[in-house]
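Contents: one structure, followed by commentary.
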Amino acid sequence: MNPSLRYIQGYPEHIITPITQLVESGKLNNWFEQRYPTKHAIQSEKALFEYTMAIKNRFMRKSAPLSKVIYDPKIHLINNALGLHSYVNRVQGNKVKSKNEIRIASVFKDAPEPLLRMLIVHELAHLKEKDHNKAFYQLCCHMEPEYHQLELDARLFIMYLENQ
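Numbered according to the UniProt record's numbering, the sequence shown terminates at residue 164, and the numbering increases by one at each position without gaps.
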């Protein structure tokens, strides 16, 4: 089994089979480049924060505030981590203050914009739903109707990067 196929483990056979054929025939990269011919222009962390806030303000205006959104070179693609949402609770007097941060794997600096948007949507959904449950995925699909396809395509993007 090709090691890059680990990114699509758990998907149904009718999805895995054509992807396996693309990989084995050496056509995955051409397929991916035709599907996503351009990369996004969101290179600075300021631009990433503004991009994230625009999505948050459109769909989740009343959710907890974000203190930081950054590209993180330390996020390795181990355990399928493409982005991280973290929150830190600090006690100040008799109040507990929470800081929410989103960190996106730096390999997504060179990704197509829809894949970056899917990651942002995923991490924003964690502001309301901590677990990957039905409500979490409903919220993701509300913010990005093509969420599930883009999630698969993000995995294919990682496979694409490994095949370059």
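Beta carbons are placed, not taken as given, at the ideal position from N, Cα and C, and that holds for glycine. Note that the structure is predicted; figures quoted are calculated from it, not measured.
Quiz item: Taking one C-beta from the region 151-164 and one from the region 114-123 each time, how about it: are there three or more such pairs within less than 8 Å?
Solution: At 8 Å Cβ cutoff, the stretches touch.
Exercise. May I have a chain-ordered list of the alpha helix (DSSP H) segments no shorter than 4 residues that lie completely inside the region 15-59?
Key: 28-35, 45-59
Practice problem: Look at V23 and N57 and say whether their C-beta atoms are less than 8 Å apart. | Solution: no
Quiz item: Cα-Cα, which of I19, Q21, P114, E13 is closest to H40?
Solution: For H40, the nearest C-alpha among the options comes from P114.
Quiz prompt | F108 versus N133, A125, P73, residue with shortest Cα-Cα distance | solution = Comparing alpha carbon positions, the residue from N133, A125, P73 closest to F108 is P73.
Practice problem: Within the same chain, show all residues whose beta-carbon is closer than 6 Å to that of A125, passing over the 5 residues directly before and after it, in chain order. | Solution: F136, L139, C140
Quiz item: Count the other CB atoms within 10 Å of the CB of R61; is the residue buried (16 or more) or exposed (fewer)?
Solution: exposed
Quiz item: Can you list, in chain order, the residues of its chain whose CB lies under 8 Å from that of S4, leaving out five sequence neighbours each side?
Solution: Around S4: V23, I158, M159, E162, N163.
Exercise. Please report the Cβ distance between E45 and I70, rounded to the nearest whole angstrom; I am assuming they are in contact, meaning their Cβ atoms lie under 8 Å.
Key: 5 Å
Quiz item: How long is the line joining the alpha carbons of K99 and I42, rounded to whole angstroms?
Solution: 23 Å
Quiz item: Buried or exposed: which applies to A105, given that a residue is buried once 16 or more other Cβ atoms fall within 10 Å of its Cβ?
Solution: Buried, since its Cβ has 16 or more Cβ neighbours within 10 Å.
Quiz item: Skipping 5 residues on each side, what residues in its chain have a beta carbon closer than 7 Å to that of A64?
Solution: S98, N100, L127
Practice problem: Please report the residue range of the alpha helix (DSSP H) in which Y137 lies. | Solution: 134-143
Practice problem: Could you have a look at S63 and say whether DSSP puts it in helix, strand or coil? | Solution: coil
Quiz item: Nearest to D110 by CA position, among F59, I15, D131, L48, is which residue?
Solution: L48
Exercise. Along the alpha helix (DSSP H) that carries P114, what are the first and last residues, could you check?
Key: Looking at the DSSP string, the run of the alpha helix (DSSP H) that includes P114 is 113-128.
Self-check item: Beta-bridge pairing of I70 - partner residues as DSSP gives them
Solution: R103
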